[in-house]
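Here the structure is laid out as structure tokens; the discussion comes afterwards.
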Amino acid sequence: MFSIRGDVKDYDWGILDGLTPWTQVSTGAPQAELWFGVHPSGPSPMDAAVLEGNTADPTETLADHLTREQAPVLAKILAAGRPLSVQVHPNARDAKRMWDEQQIAGPAVLADAYEKAEVLVALEPFDAFVGWRPASDAAEILERVDGMALAAAALHADDRVAAIQLIHEQQSHAQALVGQLPEAIDRANDAGSMTRVMSESEIAAYRNAAADFPADIGVLMTPLLDFVTLLPGDAVYLAPGIPHSYVRGIGFEVMTSSDNVLRLGLTNKPVFVDRALDILDFDTDPQFIHGSTSIAPVGADFQLEVVTAGSSPLATGEYRLVVAIAGDVDVAVGGQTRTATQGRGVVVTAGEPDAVVSTQGMAVAVIAPATP
56 MFSIRGDVKD YDWGILDGLT PWTQVSTGAP QAELWFGVHP SGPSPMDAAV
106 LEGNTADPTE TLADHLTREQ APVLAKILAA GRPLSVQVHP NARDAKRMWD
156 EQQIAGPAVL ADAYEKAEVL VALEPFDAFV GWRPASDAAE ILERVDGMAL
206 AAAALHADDR VAAIQLIHEQ QSHAQALVGQ LPEAIDRAND AGSMTRVMSE
256 SEIAAYRNAA ADFPADIGVL MTPLLDFVTL LPGDAVYLAP GIPHSYVRGI
306 GFEVMTSSDN VLRLGLTNKP VFVDRALDIL DFDTDPQFIH GSTSIAPVGA
356 DFQLEVVTAG SSPLATGEYR LVVAIAGDVD VAVGGQTRTA TQGRGVVVTA
406 GEPDAVVSTQ GMAVAVIAPA TP
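Residue numbers (the working numbering): 56 to 427.
As structure tokens, then:
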């Protein structure tokens, strides 16, 4: 077993001191993600506080002990104060192809050579753009933005690829176009011609995106995406190729151990529209799991068990990562017990015996096939 801490990411879209309940550190600045895993962009530090003699090397990480094959998932506590980029992740085939291409000729599009699929579990109400809105509804919005008539026509023809290309061709006019979006949303909603009426939180998400990114034409991508509010305990699984933008809230996210992101807007980072179009999936829908303590998305290479005020067994033969979300959690393996305080974790490798997770609060256990 290994006792670990999370690696903090202070991206500007984070919530001010949003991770303090799990890091016990207040910085007065945005805190966005707390990573648990071996990914080279942020391997988990070892938790010296629970090691005998408190003699751990302060630079030691989980990646010093386990490979990606032994620890194949990356988990994060995520605190979004404003929208993340509109983004998409590659499947295994596309990731390898694009990685090989960039090794030869560039540009640096991917962070690694691996597929990225992910699930998000809401820890509080969580707003997100996920998957595709009906194309006709997106057209109803964009046709009310002067300068977006061609993109709207493409959507009426159910041609999302052409619509995305036409939107991004207008980057030089972004400020004028993005500024029209809030009114266009209101007019389309009032017209009653869409398949459903937008909620107040949905309308606010568009307004906030336009206010936060007034010169980013990618804001006009958001009407193409569906909107959802996850309640605490709800989860959404996003297979590779499904576009999304997390808007606001705190959640627990699990993914294959990859940091591959291709962005289409709402970001100051590089945007690769053509590469993203190559990997977008227009046929696969997000999977929603409501109120279940066992989260096992169809097609995923991992599953989650949410443990609250009780205990749960975790069988040997798979990688097991346990993160304490509320209060302490005990992980018992073969007569040995490790305790993780809130915001810290315990890793049990595939080669170790059965484990039992116990907590009087809340913990999430992530299970994935792995090399012992």
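Quick reminder that beta carbons are idealized off the backbone N, C-alpha and C, glycines included.
message: Starting from D155, trace the alpha helix (DSSP H) in both directions and tell me its first and last residue.
response: A147 to A160
task: List the DSSP bridge partners of L129.
output: M310
task: Check A209 in the structure and name its three-state DSSP category.
output: helix
message: For a quick check, are the C-beta atoms of D385 and S413 less than 8 Å apart?
response: yes
Secondary structure of L121, DSSP reduced to three states: coil
message: Rounded to whole angstroms, what is the Cα-Cα separation between A212 and G400?
response: 50 Å
- request: To the nearest angstrom, report how far apart A290 and A177 are at their CA atoms.
  value: 6 Å
task: Using the Cα positions of A134 and Q86, report the straight-line distance between them to the nearest angstrom.
output: 7 Å
Coarse secondary structure for Q79, derived from DSSP in three states: coil
Every unbroken beta strand (DSSP E) inside the region 160 to 202 [3 residues or more]: 173 to 177 and 181 to 187
task: State the Cα-Cα distance for the pair P427 and F57, rounded to the nearest angstrom.
output: 14 Å
query: Roughly how many whole angstroms lie between the Cα atoms of W68 and Q142?
result: 14 Å
Top-ranked residue by Cα proximity to I258, from V274, G273 and D241: D241
field: Cβ neighbours of Q391 in the same chain (closer than 6 Å, five flanking residues each side left out)
entry: none
task: Within the same chain, show all residues whose beta-carbon is closer than 7 Å to that of A423, passing over the 5 residues directly before and after it, in chain order.
output: P127, V128, D356, F357, E373 and Y374
query: What's the call for V59, buried or exposed, on a 16-neighbour Cβ count within 10 Å?
result: At residue 59 the sequence reads Ile, which differs from the Val that was named. Burial call: buried.
N- and C-terminal bounds of the beta strand (DSSP E) containing Y292: A290 to L293
field: A418 versus I380 - alpha carbon distance
entry: 5 Å
- prompt: How is T394 classed by DSSP in three states: helix, strand or coil?
  reply: strand
task: With DSSP as the reference, label G304 as helix, strand or coil.
output: strand
message: Cutting at 8 Å between CB atoms, please list the residues of its own chain near Y66, excluding the five before and the five after it.
response: P85, A87 and E88
message: In the DSSP output, which residue or residues are listed as bridge partners for R318?
response: Q142
In DSSP terms, what D62 is bridged to: W90
- prompt: Among the residues of its own chain, which have a CB less than 8 Å from the CB of V252, if the five just before and after it don't count?
  reply: N244
query: Using CA coordinates, which residue listed in W187, A118 and V362 is at the minimum distance from Q342?
result: W187
task: Output the distance between the C-alpha atoms of H120 and T75, rounded to the nearest integer angstrom.
output: 27 Å
- prompt: Under the DSSP definition of a beta bridge, which residues are partnered with A134?
  reply: I305
- prompt: For E373, does the three-state DSSP call read helix, strand or coil?
  reply: strand
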